[in-house]
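Peer 1: Structure incoming, see below.
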Amino acid sequence: MTMKSRPGVGSLLLLALAFWLLIQGCGSDGGSTGDAGPPAGSSVMARVVRVVDGDTIVARVDGRDEYVRYIGMDTPETVKPDTPVQCYGPQASDENHRLVEGRTVRLTFDREVRDDYGRLLAYVHVGKEFINAELVRDGFARTLPIAPNTSHAGEFQRLASKAAKAGRGLWGAC
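Sequential numbering from 1483 applies to the sequence shown in this note's numbering.
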């Protein structure tokens, strides 16, 4: 007498689990950014919802709030966990508030659109004002070129050198 091989309960559960994992991977990721974002080199209009600090904002992009980290520059810390407020950080945050809070901005993307934290990486413009460059020029930020997003690295370095030479902002205070 031969016995026909039938799948056991364990095999069926394993198959069901594999199927469930497959369909979960194709659906929503539960609210994280998940998508790659806008195409590299493109621009989008956004509304600034909140200024986080001197080099980060929350902006409404295509109907959802996104953290946006300014490319190519870095301001002293004011809100980083386990890090004391750094010299000229509050002034940099205040200046960023003055320049962009509640305003419509154009976010322009370089080669890499998101960082390891899921934030959009952008050059920020209000009208004809290039906010990243202004913050560097006026001594609120240092340069921070991170490949591959270095389209304006030379410009930012020239602006920072002039600000340092003139003792503007953090260059004269810190």
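For every residue, glycine included, the Cβ atom is placed at its ideal position computed from N, Cα and C.
Reducing DSSP to helix, strand and coil, say where R1551 ends up.
Peer 2: strand
Peer 1: So is Y1552 buried or exposed if we call it buried at 16+ other beta carbons inside 10 Å?
Peer 2: buried
Peer 1: Which complete alpha helix (DSSP H) runs does the stretch 1602-1629 hold, if anything under 4 residues is left out?
Peer 2: 1613-1619
Peer 1: Using the three-state DSSP reduction, which class does R1593 fall into: helix, strand or coil?
Peer 2: coil
Peer 1: Between R1624 and L1641, is the Cβ-Cβ spacing less than 7 Å?
Peer 2: no
Peer 1: Go ahead and pull the three-state DSSP assignment for V1531.
Peer 2: Residue state for V1531 is assigned as strand, using DSSP reduced to three classes.
Peer 1: Determine the direct distance from the alpha carbon of V1530 to that of A1574, and round the result to whole angstroms.
Peer 2: 17 Å
Peer 1: Count the other CB atoms, across all protein chains shown, that sit within 10 Å of the CB of R1601; report buried if there are 16 or more and exposed otherwise.
Peer 2: buried
Peer 1: Name the one or two DSSP bridge partners that V1543 has.
Peer 2: R1546
Peer 1: When you compare the stretch 1631-1650 with the stretch 1563-1579, are there three or more beta-carbon pairs, one atom per stretch, that lie closer than 8 Å?
Peer 2: no
Peer 1: When you compare each of R1593, L1617, P1627 and L1589 to G1609 by their alpha carbons, which one comes out closest?
Peer 2: L1589
Peer 1: Our contact map puts L1626 next to N1578 with C-beta atoms below 8 Å; I'd like the distance itself, whole angstroms only.
Peer 2: The pair is not a contact, with the Cβ atoms about 15 Å apart (cut-off 8 Å).
Peer 1: From what residue to what residue does the alpha helix (DSSP H) around P1572 run?
Peer 2: G1571 to V1582
Peer 1: Give me the Cα-Cα distance between G1519 and E1611, rounded to the nearest whole angstrom.
Peer 2: 24 Å
Peer 1: Who does S1525 pair with in a DSSP beta bridge?
Peer 2: T1590
Peer 1: By how many angstroms is the C-alpha of Y1570 removed from the C-alpha of Y1599?
Peer 2: Looking at the two C-alpha atoms, the distance is approximately 25 Å.
Peer 1: Quickly, what does DSSP pair T1538 with across the bridge? List them, please.
Peer 2: R1551
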